[in-house]
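Have a look at the structure below, then the notes.
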Amino acid sequence: GINKKDDPIIWEVLHMPNEIIFSNVLVKDGKPYWLGMGEEIPDEGENFSGKWWKGKIGPDGKEVPPAHKNARFCVSLEAFRNLDKEALHDPNGMPLGGIIFGGRDPDTWPPVCEAFDWDHGVIMKGASLESEATAAVIGKEGVREFSPMAILDFLSVHIGDYLRNYLEFGKKLKKVPKIFGVNYFLRDENGNFLNDKLDKAVWLKWMELRVHNDVDAVTTPIGYIPKYEDLKRLFKEVLGKDYSKEAYEKQFTIRIPENLAKVERIMEVYSKVRDRLPKRVLEILEEEKRRLLKAKEIYGDYISPFDIEKKPFDS
């Protein structure tokens with residue numbers, strides 16, 4: 014849930030005079046409460062079940078929580094003090110330097126990775142997205158689901174046509190944006206998150222630097238990842254905290270078995286629609302598989318980012 018420590022700017026917006034729509038929260042004396050907000054929650058109020066009190070039992074025989082896990086808010090962008098209003102309202106638009114795709118991935122992708130090129134980014138970072146379902150998907154929380162570009166539920170055309178349009182669009186661009194894959198939900202062997210919520214500010218800053226060619230990167234079989242020295246500096250500059258080599262190694266180790274398993278799953282999905290699929294899709298998946306197998310022969314199943322920087326990988 015949104016709280017003062019992890020989400021200071023959003024917290025500020027939710028606690029200042031604003032037009033805000035809240036849903037699935039607990040309301041007591043006109044004030045909204047939600048799970049994980051870091052404040053004491055009243056013992057009674059109104060929520061998604063109607064009149065609520067601590068210990069209330071629902072129709073399923075289970076205790077009703079004070080607020081739903083899928084509580085939401087809706088507020089204007091204008092309320093955020095870190096908004097670039099000039100860019101938002103520029104009638105000419107703004108040049109696009111990068112595109113970010115991401116999902117809820119517990120065991121495969123590093124926190125941030127840059128694609129080799131447009132086609133690789135479209136297919137491997139966008140069209141190959143899998144994500145653990147959240148509380149927004151009734152009855153499926155925690156289940157890994159395939160969702161290209163994270164929009165499968167909203168896709169109104171055949172996936173083959175959609176990807177063909179994406180690939181062709183890239184050929185028409187004078188300046189092709191970089192494509193990044195992000196994963197803020199990577200876990201260790203004990204199920205603990207390897208990222209803090211605010212770490213994404215560092216990943217975003219690194220992506221900005223890459224768009225402007227201000228930092229180098231480490232080449233891996235799945236794309237380009239940050240160098241430790243750059244992240245160490247950015248963590249201090251952006252968040253004011255230290256960043257250890259141990260944290261970097263855990264977060265950016267390339268997990269060959271998990272990545273190979275993912276490629277196989279995605280290939281199986283797209284093989285079922287190959288009659289309308291651009292052949293480039295399966296070609297890129299095969300290329301990724303070959304790189305992963307090659308890297309496995311050289312480095313083993315789990316590749317430390319320090320090892321692959323010392324002994325560069327030829328993609």
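Here this note's numbering = 1-based position in the sequence shown + 13.
Virtual Cβ for every residue (Gly too), placed ideally from N, Cα, C.
Query                                                                                                                                                                         : Result
Residue 92 and residue 47 - do their beta-carbons sit closer together than 8 angstroms?                                                                                       : no
Which word fits residue 305, buried or exposed, when buried means at least 16 other C-beta atoms lie within 10 angstroms of its C-beta?                                       : buried
With residue 256 and residue 248 assumed to form a contact (beta carbons below 8 angstroms), what rounded beta-carbon distance in angstroms separates them?                   : 4 angstroms
Could you have a look at residue 57 and say whether DSSP puts it in helix, strand or coil?                                                                                    : strand
Does the pairing of the region 205-217 with the region 253-268 give three or more beta-carbon distances under 8 angstroms?                                                    : yes
Three or more C-beta pairs closer than 8 angstroms, one from the region 210-230 and one from the region 187-197: is that the case here?                                       : yes
So does the region 111-126 actually touch the region 156-164, counting three or more Cβ pairs closer than 8 angstroms?                                                        : yes
What is the DSSP secondary structure of residue 74, counted as helix, strand or coil?                                                                                         : coil
Decide if residue 274 is buried, meaning its Cβ has at least 16 other Cβ atoms within 10 Å, or exposed.                                                                       : exposed
Measure the CB-CB distance between residue 5 and residue 142 and report whether it falls below 8 angstroms.                                                                   : For residue 5 there is no data in the structure shown, the boundaries of the chain being 14 and 328.
For the alpha helix (DSSP H) holding residue 297, just list the boundary residues, first then last.                                                                           : 292-312
State the CB to CB distance for the pair residue 22 and residue 132, rounded to an integer number of angstroms; the pair is presumed to be in contact (CB under 8 angstroms). : 36 angstroms between Cβ atoms; not a contact.
Alpha carbon to alpha carbon, how far is residue 290 from residue 328? Give it in angstroms, no decimals.                                                                     : 25 angstroms
Classify residue 48 as helix, strand or coil using the three-state DSSP reduction.                                                                                            : coil
Given a threshold of 16 other Cβ atoms within 10 Å of its Cβ, counted over all protein chains shown, does residue 144 qualify as buried or as exposed?                        : buried
Nearest by alpha-carbon distance to residue 56: which of 34, 75, 40 is it?                                                                                                    : 40
Give the range of the beta strand (DSSP E) segment to which residue 238 is assigned.                                                                                          : 236-238
Here's a check: name, in chain order, each residue in its chain whose Cβ is nearer than 8 angstroms to the Cβ of residue 50, leaving out the five neighbours to either side.  : 14, 15, 16
When the distance is taken between beta carbons, is residue 272 closer than 8 angstroms to residue 235?                                                                       : yes
Looking only at its own chain, which residues have a Cβ that is under 6 angstroms from the Cβ of residue 220, when we skip the five neighbours before and after it?           : 111, 193
Contact check, residue 269 vs residue 308 under 8 angstroms by CB: the rounded distance?                                                                                      : 6 angstroms
Does DSSP classify residue 41 as helix, strand or coil?                                                                                                                       : strand
Going straight from the alpha carbon of residue 125 to that of residue 239, what length do you get?                                                                           : 8 angstroms
Under a three-way DSSP split, which group does residue 281 fall into?                                                                                                         : helix
Where residue 38 and residue 76 are concerned, what is the direct C-alpha to C-alpha distance, given to the nearest angstrom?                                                 : 16 angstroms
Closest to residue 187 by C-alpha separation, out of 295, 109, 310, would be which residue?                                                                                   : 109
In whole angstroms, what separates the C-alpha of residue 98 from that of residue 168?                                                                                        : 30 angstroms
Distance check for residue 146 and residue 54, CA to CA, integer angstroms please.                                                                                            : 27 angstroms
Identify the continuous beta strand (DSSP E) that holds residue 115 and give its terminal residues.                                                                           : 111-115
For the alpha helix (DSSP H) containing residue 173, list its first residue and its last residue.                                                                             : 172-184
Taking residue 258 and residue 241 to be in contact with their CB atoms under 8 angstroms, please state how far apart those CB atoms are, rounded to whole angstroms.         : 6 angstroms
Please classify residue 191: does DSSP put it in a helix, a strand, or coil?                                                                                                  : strand
Express the C-alpha separation of residue 191 and residue 224 in angstroms, rounding to a whole number.                                                                       : 7 angstroms
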